[in-house]
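*Asks:*
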Amino acid sequence: MKKITLVVSLLFSTGAFAQFSTTDTNADFGEHQVVTLEKTNKFKLSGEAIKVGDYMPSIQLVTSELKPFDTSSETSAVKIYSVLTSVDTPVCVQQAIDLDKYVSKNKTDLEGIEFFAISADTPFAQQRFLKEKGLQGITYLSDSSKHQFGLNTGSQIDELGLLTRSIIVTDKSNKVVYTQRVPELTTIPNLKEAVKAAKKYL
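For the sequence shown, position 167 (counting from the first letter as 1) is numbered 167 according to full-length UniProt numbering, and the numbering increases by one without interruption.
1. Arg181 bridges to which residues according to DSSP?
2. Do you know whose CA, among Leu84, Gly47, Phe29, Tyr201, lies nearest Asn174's CA?
3. May I have the straight-line CA-CA distance separating Ile188 from Glu132, to the nearest angstrom?
4. Output the distance between the C-alpha atoms of Phe29 and Lys172, rounded to the nearest integer angstrom.
5. Over what stretch of residues does the beta strand (DSSP E) that includes Val35 continue unbroken?
6. Mind checking who Pro189 pairs with in its DSSP beta bridge?
7. If Val103 sits next to Ile138, beta carbons under 8 angstroms apart, how far is it from one beta carbon to the other, in whole angstroms?
8. From this set, Ser155, Lys192, Asp100, Leu141, which residue's C-alpha is nearest Val65's C-alpha?
9. Quick check: what's the CA-CA separation for Cys92 versus Asp121?
10. Taking the alpha-carbon positions, what's the Ala198 to Asn41 distance?
11. Please report the residue range of the beta strand (DSSP E) in which Ile113 lies.
12. Report yes if the CB atom of Thr85 is closer than 9 angstroms to the CB atom of Leu163, and no otherwise.
13. Please report how far the alpha carbon of Glu193 lies from the alpha carbon of Ala125, in whole angstroms.
14. Alpha carbon to alpha carbon, how far is Ile50 from Tyr81?
15. Just to confirm before moving on: does the CB-CB distance between Leu191 and Thr22 stay below 9 angstroms?
16. Determine whether the beta carbon atoms of Glu38 and Asn152 lie at a separation below 9 angstroms.
17. Do Ile157 and Phe43 have their CB atoms nearer than 9 angstroms?
18. If you measure between the beta carbons of Asn26 and Thr179, is that distance less than 9 angstroms?
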């Protein structure tokens, strides 16, 4: 228990003023996989691994505005899910701000793509975070209730009840066309590569 407490403390405080690097490294989702924190602390992932070629299962989530959201609902857009570990970690703050800035600066070039940020934080924590950071334009989804997203994509961090940092892209029919799951929690997935993949399905 002491080790878990120490690691959680590291997760929420490490490198508070650092600039975290974007990585192209990729790893599988799901059981029997691990994610590291500062390379020495290892956590097990759980849930059914999602992979390219699968269809996004029907996962019932709630937005930060307390509206229901079903990941299997069809729209006319390609979807990019930016998966955050927790909005209260410094790495996620950077990941969220980078996403917000990128989308706001490239709106015309990103037509036909919908962006979502998802974490296991409560909708109320997400609301607070968005207000504090002045973020808007990205729909935030909460997986705090039953951890359906984590368990149905294999992105659940077993020991923490949080999501592992990653990006999932689905086409207009909700077929998974691209994934990146970073093996180290202090690194950030490559958003530009995800957008490049998404544009192929517009």
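Ideal Cβ positions, reconstructed from N, Cα and C, are used throughout, including at glycine.
*Replies:* Answer, in terms of the structure:
1. DSSP output for Arg181 lists Ser166 as bridge partner(s).
2. Closest option to Asn174, Cα to Cα, is Tyr201.
3. Going by C-alpha positions, Ile188 is about 21 angstroms away from Glu132.
4. Rounded to the nearest angstrom, the two C-alpha atoms are 22 angstroms apart.
5. Its beta strand (DSSP E) spans residues 34-37.
6. Answer is Thr23.
7. About 6 angstroms separates the CB atoms of Val103 and Ile138; that is less than 8 angstroms, so the two are in contact.
8. The question names Val, but residue 65 in the sequence shown is Glu. The shortest Cα separation from Glu65 among Ser155, Lys192, Asp100, Leu141 belongs to Leu141.
9. C-alpha separation (whole angstroms): 12 angstroms.
10. Rounded to whole angstroms, Ala198 to Asn41 spans 33 angstroms at the Cα level.
11. Here the beta strand (DSSP E) through Ile113 covers 113-119.
12. Yes.
13. Taking C-alpha positions only, Glu193 is separated from Ala125 by approximately 29 angstroms.
14. In a straight line, the C-alpha of Ile50 is about 13 angstroms away from that of Tyr81.
15. Closer than 9 angstroms, so yes.
16. With respect to the 9 angstroms criterion, Glu38 and Asn152 are not classified as neighbours on the basis of their beta carbons.
17. In this structure, the beta-carbon distance from Ile157 to Phe43 falls below 9 angstroms.
18. Cβ distance < 9 angstroms, so Asn26 and Thr179 count as in contact.
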